[in-house]
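> This is the structure I want to talk about, given as structure tokens.
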Amino acid sequence: MAGIVIVGAGQAAASLAARLRALGHTGDLTLIGDEPVPPYQRPPLSKGYLLGEMPLDRLALRAPAFWADQGVTLHLGTPVSAIDPAAKTVSFGPRTLAYDQLALTTGARPRRLPPALGGDLAGVFAVRNLADVDAMAPLFRPARAC
50 MAGIVIVGAG
60 QAAASLAARL
70 RALGHTGDLT
80 LIGDEPVPPY
90 QRPPLSKGYL
100 LGEMPLDRLA
110 LRAPAFWADQ
120 GVTLHLGTPV
130 SAIDPAAKTV
140 SFGPRTLAYD
150 QLALTTGARP
160 RRLPPALGGD
170 LAGVFAVRNL
180 ADVDAMAPLF
190 RPARAC
């Protein structure tokens, strides 16, 4: 039995994994995500996290021990490169993993402004993940009183 593989490691993936365990699923459960950190909240990225008011560890949706305690295997920092539905396998990095059931929880990508509207100008950002916010954070400074 190969178990359940969840592609994507965001809020939907974390909720699905927790719900499966809460409903009594005892088989293998694996999350595969392209970011190097476990599932975290995205709404605070452009608010508390960007402003330095919320540290990275507070963004986590679950305590680090949750994943091990619940028997959820995390493969982080490696995007899925192929899904073979006929063979029931997913490939990521140098690995191929079989599954009985597959859930795709990859979310969406922001639509960027076209260059003609300024999308390629310095200081125009798309915020989707930690890397996006970490890249723009040095450019933000507290406002000065006039």
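If you're matching positions, the sequence shown starts at 50 in our numbering and goes up one per residue. Ideal Cβ positions, reconstructed from N, Cα and C, are used throughout, including at glycine.
Is it the case that the stretch 172-184 contacts the stretch 91-101, given that we only count it when at least three CB pairs across the two stretches are under 8 Å?
Judged by Cβ distances under 8 Å, the stretch 91-101 makes contact with the stretch 172-184, as three or more pairs qualify.
> Comparing C-alpha positions only, which one of D149, A171, P88, G82 sits nearest to A67?
Minimum Cα distance to A67 is reached at P88.
> Between the Cα of G52 and those of D169, L108, R70, spot the shortest distance and give me the residue it belongs to.
Closest option to G52, Cα to Cα, is R70.
> Tell me whether the beta-carbon of V173 lies closer than 8 Å to the beta-carbon of L188.
In this structure, L188 does not lie closer than 8 Å to V173 by Cβ.
> I'd like to check one pair, P159 with R177: are the Cβ atoms closer than 8 Å?
In contact: R177 and P159 (Cβ atoms closer than 8 Å).
> At what residues does the beta strand (DSSP E) containing L153 begin and finish?
Here the beta strand (DSSP E) through L153 covers 150-153.
> Would you mind sorting L166 into buried or exposed? The rule is 16 or more other CB atoms within 10 Å of its CB.
With fewer than 16 other Cβ atoms within 10 Å, it is exposed.
> Bridge partners of H124, per DSSP?
Answer by DSSP bridge pairing, in chain order: I81.
> What are the boundary residues of the beta strand (DSSP E) that D133 is part of?
129-133 is the extent of the beta strand (DSSP E) around D133.
> In chain order, what residues of the same chain have a beta carbon less than 6 Å from the beta carbon of T127, not counting five sequence neighbours either side?
Excluding residues within five positions, the ones whose Cβ falls inside 6 Å are F141, G142.
> Which value, in whole angstroms, describes the spacing of the CA atoms of A58 and G73?
Straight-line Cα distance between these residues: approximately 21 Å.
> Along the chain, where does the beta strand (DSSP E) containing L162 start, and where does it finish?
Element bounds for L162: n/a, residue is neither H nor E.
> Leaving out five residues before and five after A147 in sequence, what residues of the same chain have Cβ atoms less than 7 Å from its Cβ?
Closer than 7 Å at the Cβ level, and outside the excluded window around A147, lie A51, K137, T138.
> Taking the straight line between their C-alpha atoms, what separation do you get for A152 and E102?
Distance between the alpha carbons of A152 and E102: 34 Å.
> What's the C-alpha gap between A186 and A109?
C-alpha separation (whole angstroms): 19 Å.
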